[in-house]
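A short write-up of the structure that comes next.
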Amino acid sequence: MYRYQLKKKRRKIGFGPYPVISLKAALERHREAQFLVKQGTHTLGHWRALTRRGGLSTRSPKPTLERSRS
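Residue numbers for the sequence shown follow our numbering, so the first one is 855 and each next one is one higher.
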């Protein structure tokens, strides 16, 4: 969970549940969120736009029987 204040408004954003989003991916998203806030951009709106364009994956591939046997 990342909490920030931008333009006198407090916001918080989650990066996803642990098994779906790895710790490494969550830390990368946190650093990106900090950078965007310093630039004055709302992170949630930025990521929604990326997701619509297909630039950000919010889901990992679901495990299949063949993947779990490997």
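Where is the CB? At the ideal position from N, CA and C, for every residue including glycine.
**Message:** Rounding to the nearest angstrom, what Cα-Cα distance links M855 and G894 in this structure?
**Reply:** Straight-line Cα distance between these residues: approximately 19 Å.
**Request:** Using the Cα positions of G925 and T905, report the straight-line distance between them to the nearest angstrom.
**Result:** Residue 925 lies beyond the stretch modelled for the chain, which goes from 855 to 924, so this question has no answer here.
**Asked** What is the rounded straight-line gap between the Cα of K863 and the Cα of E882?
**Response** Roughly 24 Å between the two C-alpha positions.
**Request:** Report yes if the C-beta distance between R865 and Y872 is below 8 Å; otherwise report no.
**Result:** no
**Message:** Going by DSSP, what residue range makes up the alpha helix (DSSP H) through K878?
**Reply:** L877 to Q893
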